[in-house]
Structure formats: C-alpha cells, structure tokens
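> Before we start, here is the structure in question, set down as structure tokens.
Protein chains: 2
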Amino acid sequence: MTPIEGAEIGSVVVVGTGLIGTSVALALRERGVRVFLSDRDPAAVRLARGLGAGEEWTADRTVDLAVIAVPPQFVAQQLLELQKRETARVYTDVASVKVLPLTQAAQLGCDLSAFVAGHPLAGRERSGPAAARSDLFLGRPWAYCPTEVVSERALRTVVELIGMCGGNPVRVSAQEHDRAVAIVSHAPHVTAAAVAARLAEASETALGLSGQGVRDVTRIAASDPALWMGILSGNAIPVAEVIEAVVADLSAVARSLRSLAGDQSAMTDVTDLLSRGVRGTARIPGKHGGPARTYAVVQVLIGDRPGELARLVQAAGQTGVNIEDIRLEHASGLPLGAAELYVQPEAAAVLAEGLRERGWQVPT
Amino acid sequence: MTPIEGAEIGSVVVVGTGLIGTSVALALRERGVRVFLSDRDPAAVRLARGLGAGEEWTADRTVDLAVIAVPPQFVAQQLLELQKRETARVYTDVASVKVLPLTQAAQLGCDLSAFVAGHPLAGRERSGPAAARSDLFLGRPWAYCPTEVVSERALRTVVELIGMCGGNPVRVSAQEHDRAVAIVSHAPHVTAAAVAARLAEASETALGLSGQGVRDVTRIAASDPALWMGILSGNAIPVAEVIEAVVADLSAVARSLRSLAGDQSAMTDVTDLLSRGVRGTARIPGKHGGPARTYAVVQVLIGDRPGELARLVQAAGQTGVNIEDIRLEHASGLPLGAAELYVQPEAAAVLAEGLRERGWQVPT
Chain A
1 MTPIEGAEIG
11 SVVVVGTGLI
21 GTSVALALRE
31 RGVRVFLSDR
41 DPAAVRLARG
51 LGAGEEWTAD
61 RTVDLAVIAV
71 PPQFVAQQLL
81 ELQKRETARV
91 YTDVASVKVL
101 PLTQAAQLGC
111 DLSAFVAGHP
121 LAGRERSGPA
131 AARSDLFLGR
141 PWAYCPTEVV
151 SERALRTVVE
161 LIGMCGGNPV
171 RVSAQEHDRA
181 VAIVSHAPHV
191 TAAAVAARLA
201 EASETALGLS
211 GQGVRDVTRI
221 AASDPALWMG
231 ILSGNAIPVA
241 EVIEAVVADL
251 SAVARSLRSL
261 AGDQSAMTDV
271 TDLLSRGVRG
281 TARIPGKHGG
291 PARTYAVVQV
301 LIGDRPGELA
311 RLVQAAGQTG
321 VNIEDIRLEH
331 ASGLPLGAAE
341 LYVQPEAAAV
351 LAEGLRERGW
361 QVPT
Chain B
365 MTPIEGAEIG
375 SVVVVGTGLI
385 GTSVALALRE
395 RGVRVFLSDR
405 DPAAVRLARG
415 LGAGEEWTAD
425 RTVDLAVIAV
435 PPQFVAQQLL
445 ELQKRETARV
455 YTDVASVKVL
465 PLTQAAQLGC
475 DLSAFVAGHP
485 LAGRERSGPA
495 AARSDLFLGR
505 PWAYCPTEVV
515 SERALRTVVE
525 LIGMCGGNPV
535 RVSAQEHDRA
545 VAIVSHAPHV
555 TAAAVAARLA
565 EASETALGLS
575 GQGVRDVTRI
585 AASDPALWMG
595 ILSGNAIPVA
605 EVIEAVVADL
615 SAVARSLRSL
625 AGDQSAMTDV
635 TDLLSRGVRG
645 TARIPGKHGG
655 PARTYAVVQV
665 LIGDRPGELA
675 RLVQAAGQTG
685 VNIEDIRLEH
695 ASGLPLGAAE
705 LYVQPEAAAV
715 LAEGLRERGW
725 QVPT
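Protein chains in written order, with my numbering: chain A, 1 to 364; chain B, 365 to 728.
Now the structure itself:
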C-alpha cells in the first residue's frame, strides 16, 4: 500500500520495540510508511526487524513522527533527548498513564507544541515484540491528550497515526484520562488481586466449590505484577481514590453484616451497593461502541469431543442467527458441558427452535 | 428408567418449586422416582407439574425423602412442620448457607438424626421453575453437612439423592461450607458490586475506555440484589471476614499509592498483593475437577457475519484439536473481531498452522 495522498506521515521512528511499539510499526508498514526502529535492547530491534516492522534507526535524519513506546516513567526524558537531536517534527507516546509524562516533560523544558500524549487501549496478556500484531489497535479506543500549546500540525499528525493504525481516536485531557483508566482498568485490577489473594490462602475444599463467578472476577489478577507496578506507580493518586471508594463501600457492607442480628434494616447499605453494582454493569458500552445491551442466552448441551462445538456453531449458523458471544461451561468431573450462545434477544427463540429441529438439546 | 435396585429413594416430596427444587424434581423423575411437589405459590406448583416435575403433594402419606428448597431463613421452620406431620423418613435442604438453618433447626427442636443439610453449587442467573433443568447438577459440586447425630440411613439417602442428580458429593462441616462459599462466591460478588458501583458514577468517556478486564470483573454484579440480600444475610459473619481481609489489602495499597513520592519502596505492599493474586488465580481447579492448568490461546481474526464463527470452529475441528474454551473479543466500532481459542498448550501450534493452511488469519 502507498502512503495516503496529502498525509503528514511518510516516515516514523518507533522508540521502544515492545508489544505496543512493534505493533504500531507493523501497522504503519502496512500503510507504506517508512519505519525506523530503536530500542535500548538490540535484540528487541533485531526481532522487530525480523518481523518486518522496519529498519534500524541510525539517527542520521529527521522523520515526520517519533512514537515513544517506553514505560511511563521514561517517556519525558526520552522526549527531551529526541527533541535535542531534532529527531522528528512531531512526537507522541503510548504509555498507559498521561499526567506523569506530561508533567515531567514540562519540567524538563520539552517543546510541548510538538508533542501529543497518546494511549491506545489495546493491551494483551503477553508482552514483547513477538506478541505484536499489525491489527492490535483495530477498532480499539486510542486516547490522545493535546495540551493548550499544541500545534495544528502535531494534532493532525497524531490523529492521522491513530487512523493509520485503525484505532478509534478519543480526545481527553490527561487528568480525565488518568481518572478514567483508574476506574475502568487500574483499580479493577487491584481489586481482582485482593479477591484472588483470598484464594491463595483458602482450603482445597473451598477451592473445590469455585464456580464461574470467581473465575471471571479474578482472571485479570493473573497478569504480570512487574508490569502492573509500573502502571499503578504512574497513576498513584487516581487509583488510590477509586480504591478508597471501593474500600468505603466494602467497609460499610462488612459493618452492616457484622451488626446484623436478624435486623434487616442494618442491610440498607448492602442493598444500596448491590443495586449500584447492577446499574454500573449496565453502563458498560456494548459491541461496536454502541450502547450497552443485554443479549439473550441460549444454552445447549454438548459433549467434550473434537468437532462437537463446530457442529453446534455450524448448526447455529444454518438458523441464520448471528452469535454475539460464546461461553463454554464445563461440568467439572464429567465430559459434558453446556455452551451458552449469546444472541440478540429477538433471535433467541429462532435459534433455540432451529437447534432443536437439528437434534440439539436446548433446555427450556 | 426404573428406580435403582436396593435404593432408599422411591418417593420424594420437593418443598419449594423454584429453580433448584424443580431441577431436583426433574432429575429424580428421570430416575423413575415418584415426586410430589409443594409450594406456597400454587402457580409455581402448576408450572413445575406442567414441566413434568411430578404431581401435587396432598400430605396423605410418608415419603422416603423431603427436599426443602426454600430460602435459607425459612428452612428450619419448614423442617419442623414437615417432621411434625411425619412427611418423610429423611430430610435435606438446598440452601446456599448451612450454619443458619442447622442452628435454627436445633433451637426449634427438629430431629437432626433424620436431617442432612445440603447445597448443590449450581445457581443460574435466572430463577423460577421455568429455568429448571434436569441436568443442572451434572458434575457440579454438591456440599452436604451431616451433624454428629445423623443416622446412617439419612446419610445414605442424601448421598443417593446427590448421585441421582449427577452431582459430585463434597462432605464438609457447615462451618467450613459457609467459610468456603464466603471466599469463592459471596465476597467476590460484593467486591464485584463495589467495582461496578464506580461505573455507575463514571463519565461516558471513562466508560468508553472499558476493556474486557472490567467486563469480566463486574459480570456477576448484574445479578438480582434481592436474591443476594438473602444469601449475604444468611452468611453474614464469614462474608464480613473475607470482605475485611479484602479491605485490609486494598487499604494498604491505597496508602502505599498515596505515600508514593517517587519512592518505590513504599510499593512493597502493592507488589505483595499482586503476587498473591497471581498465586490465588493459579489455585482455582481446572476442568473435570482436575488440577488448574493454563491453556494456550490461539487468536484468529474473524468478520462479524452469520456463519463466520461456524466456519472457524469447523476448520478448527478439521485440525483434530479440541477447543477447551472460546472468547470473542469484538473490536468496538468495527465489524471485525478476534476469536480466542483456548487449547491444550501442546496443541496450539497444530491448530495455528492448520488454520493458516485453511486460509484463516492467525497472528503470530
């Protein structure tokens, strides 16, 4: 593919060829951009080059855009060094916190007219260039946080970058960004860890009574602690504020439960929290950025054999109903399970009936 | 099917024809047991009868077993009334807390030699007889909590009931049961609600940055508050204890984050919690009751069209690899997504290669 007519971005240096940096490089290469790669670790550059992400940076030119893809606490220093060498006309970063690098960049005297802080919301549970994908950002939110002094050109260039990567640009202030990710990502992570920590000390009997609920609540707590330490340190106060709100709610519930002596009025705190929880889950946006919606669930019994699921999904496809999501619920101890097919509510009856006609067990 | 030779259970009365009671009735009917149905709500009995769960109870005989399927706070009173009328030779219940009904039953002077408290771990997000399934308990843990005075016959009968329903009997003390479900079910539920409550007050911008993590953490918080109030009230102290441990961990993290002024040593609490969280998630038992194991994930790009998923899963089936689980990750804003196929680690390469050969985009 050739570069877009009239585009700002013909050449880019990616500084830091980890998961995000290399994925940006791969996406830009597919759009015909000339991409240079830089990393403190020569092996990471070699691997990214081997993946076709670009050529090695030799600091002998000025490119259109520098993408700084290093941990949050190193962004500002890196920006300063790149600007001193006149590396690029425009600069951005991809760190998952935004106030810290912007504050440090101002303190260091960086040129903020040429810098637009950014954050693609597209992490994976794996890291490093080998996990990179050119389509990592497709349709994902990509926050960008221009300051008041930003130049038109810098703004245009970074929005173009997001578009080239297939991301969905979301303009927010750095403060709002950091509060937002504290709520929807950082504090939920810590809270999941606190629930999972109880399992670390639980009896085998207790673990044997685990169901799908606790699995879902704790899944993200399996992520790399070192990676998360950097994120939490870089967004300390917003995360602390959300955690304190969680603590206040949980403390009120614990107090109510302790004071409960057959007195249901002690439980108004608990009812209140549970109801707010229901309202909160209903506000999470749905697929395709549209409003949140509730899918209908059609449960189907399946055996645990190769091809069983394929036959089911194929049968579902023959009914003409689109499957929005699938969950497999395995019956522990038996080679039997239930598949839960999530569909638009109006399509549930059609799917259930169609599957029954094709011989599947669909409990009513 | 005819009753098992030498079995204790030929006739049963189910008291309370909600989701669990009606599911027990349906399972027993499939084993040829004569089942009688009773509920304070005549409509619920009619519906259960219509589903083939049994016949209406007329209190004119003594059956082998009475299954008390009413909310926790009503179990003991119900047991007393049934025993006064010599309704059955053996009694059990299915409430999700166990100390409360046993304590109340002792206080009321019930005959505990004929009663074995039970709890099948098989809830659904829906309730009522219409949601009942005869296979609801297949392979699921079913806790039972005999007291010291229990008769051999009562014990044998209740274990037989669990077997007839396809459950996996787990013998625990009532105290241990209640502590266990506080850890793996009740406290995680309240904690998920506390995270979801933050979303109820979050900006649209914050919600727009939501990813899969916060969706998983908060999913169970969408459940019916009224149902959960009964459960939490009935297990108040064990749940309070677990929540207090969660609060202690979260408070320590919030303090560390607040005191952090570039001083990483303030963060040892946080590292410690994240690491304990990782260990905790690793202890959740895996499929088929075996040890927890980590599946490999193969990601495949798919379009959002009817039949697309069917074609993918069929192609996967042709590689001979068994799919353990599927997650669909939709790219918000675009009709494109990634399917994550969970497979045994040793099968991942075979699957990825086989799918590529069949023309699927499998990012490396």
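Here a beta-carbon is modelled for each residue, glycine too, at the ideal position from N, C-alpha and C.
#1: Check whether the segment 450–464 of chain B touches the segment 417–437 of chain B, counting contact only when three or more Cβ pairs, one atom from each stretch, lie closer than 8 Å.
#2: May I ask you to report which of helix, strand or coil DSSP gives residue 228 (chain A)?
#3: Give the DSSP bridge partners of residue 171 (chain A), in chain order.
#4: Inspect the beta-carbon positions of residue 595 (chain B) and residue 387 (chain B) and report whether they are closer than 8 Å.
#5: Under 8 Å, do residue 101 (chain A) and residue 120 (chain A) count as touching if we go by C-beta distance?
#6: Give a yes or no on whether 8 Å exceeds the smallest Cβ distance from residue 695 (chain B) to chain A.
#7: Under 8 Å Cβ-Cβ, which residues of chain A neighbour residue 637 (chain B)?
#8: Skipping 5 residues on each side, what residues in its chain have a beta carbon closer than 8 Å to that of residue 623 (chain B)?
#9: Using Cβ-Cβ distances below 9 Å, what residues of the segment 219–231 of chain A are close to chain B?
#10: When you check each C-beta in the segment 402–429 of chain B against every C-beta of chain A, which residues fall closer than 7 Å?
#11: Alpha carbon to alpha carbon, how far is residue 340 (chain A) from residue 298 (chain A)? Give it in angstroms, no decimals.
#12: In the DSSP output, which residue or residues are listed as bridge partners for residue 242 (chain A)?
#13: Suppose the cutoff is 8 Å on Cβ atoms and the five residues either side in sequence are ignored; what does the same chain contact list for residue 417 (chain B) look like?
#14: Quick one: what's got a C-beta closer than 8 Å to residue 135 (chain A)'s C-beta in the same chain, skipping five residues either side?
#15: For residue 133 (chain A), which of helix, strand or coil comes out of DSSP?
#16: So with CB distances below 7 Å, who are the chain C contacts of residue 244 (chain A)?
#17: For residue 443 (chain B), count neighbouring C-beta atoms within 10 Å of its own C-beta (all shown protein chains included) and say buried if the count is 16 or more, exposed if not.
#18: How should residue 473 (chain B) be labelled, buried or exposed, when 16 other C-beta atoms within 10 angstroms of its C-beta is the threshold for buried?
#19: Flag residue 528 (chain B) as yes if its beta-carbon sits less than 8 Å from any beta-carbon of chain A, otherwise no.
#20: Please report the straight-line C-alpha distance between residue 249 (chain A) and residue 716 (chain B), rounded to a whole angstrom.
#21: Would you call the segment 548–558 of chain B and the segment 574–593 of chain B touching, i.e. three or more CB-CB distances under 8 Å?
#22: Does any residue of chain B bring its CB to less than 8 Å from the CB of residue 206 (chain A)?
#23: What's the call for residue 521 (chain B), buried or exposed, on a 16-neighbour Cβ count within 10 Å?
#24: Does the Cβ of residue 153 (chain A) lie closer than 7 Å to at least one heavy atom of the ligand GTP?
#25: Check whether the Cβ atoms of residue 548 (chain B) and residue 509 (chain B) sit closer than 8 Å, and answer yes or no.
#26: Examine chain B for any beta-carbon lying closer than 8 Å to the beta-carbon of residue 281 (chain A), and answer yes or no.
#27: Using a 10 Å radius around the Cβ and a threshold of 16 neighbouring Cβ atoms, would you call residue 602 (chain B) buried or exposed?
#28: Quick one: is residue 249 (chain A) near chain B, going by C-beta distance under 8 Å?
#29: At 7 Å on the CB atoms, spell out the chain B contacts of residue 72 (chain A), in chain order.
#30: Quick check on the DSSP output: what are the complete alpha helix (DSSP H) runs of length 4 or more inside the segment 28–80 of chain A, in order along the chain?
#31: What three-state label does DSSP hand residue 113 (chain A) in the structure shown?
#32: Going along the chain, which residues of the segment 701–724 of chain B sit with their C-beta nearer than 7 Å to a C-beta in chain A?
#33: Determine the chain B residues that contact residue 309 (chain A) at a beta-carbon separation under 7 Å, and present them in chain order.
With the given structure in hand:
#1: yes
#2: helix
#3: A:144
#4: no
#5: no
#6: Because the pLDDT at residue 695 (chain B) is just 40, under 50, the model does not fix this residue reliably, and the value given afterwards should be weighed accordingly. With 8 Å as the cut-off, residue 695 (chain B) counts as an interface residue toward chain A.
#7: Within chain A, the residues near residue 637 (chain B) are 190, 193, 194, 197.
#8: Same-chain partners within the cutoff: 630.
#9: 219, 220, 221, 222, 223, 224, 225, 226, 228, 229
#10: none
#11: Going by the C-alpha atoms only, they are around 6 Å apart.
#12: Residue 242 (chain A) pairs with nothing; no bridge assigned.
#13: 378, 381, 386, 389, 390, 393, 399, 401, 493, 496
#14: 27, 166
#15: Assignment of residue 133 (chain A) by DSSP, reduced to helix, strand and coil, places it in the coil class.
#16: Chain labels in this structure do not include chain C; the protein chains are A and B.
#17: buried
#18: exposed
#19: no
#20: 45 Å
#21: yes
#22: The beta-carbon of residue 206 (chain A) is placed less than 8 Å from the nearest beta-carbon of chain B.
#23: buried
#24: Of the ligands one can find in the structure shown there are none, so the ligand GTP has no counterpart to examine.
#25: no
#26: yes
#27: Residue 602 (chain B) should be labelled buried.
#28: yes
#29: Those do not exist, as residue 72 (chain A) stays about 13 Å from chain B at its closest Cβ, beyond 7 Å.
#30: 42–50
#31: helix
#32: none
#33: In chain order: 677, 687.
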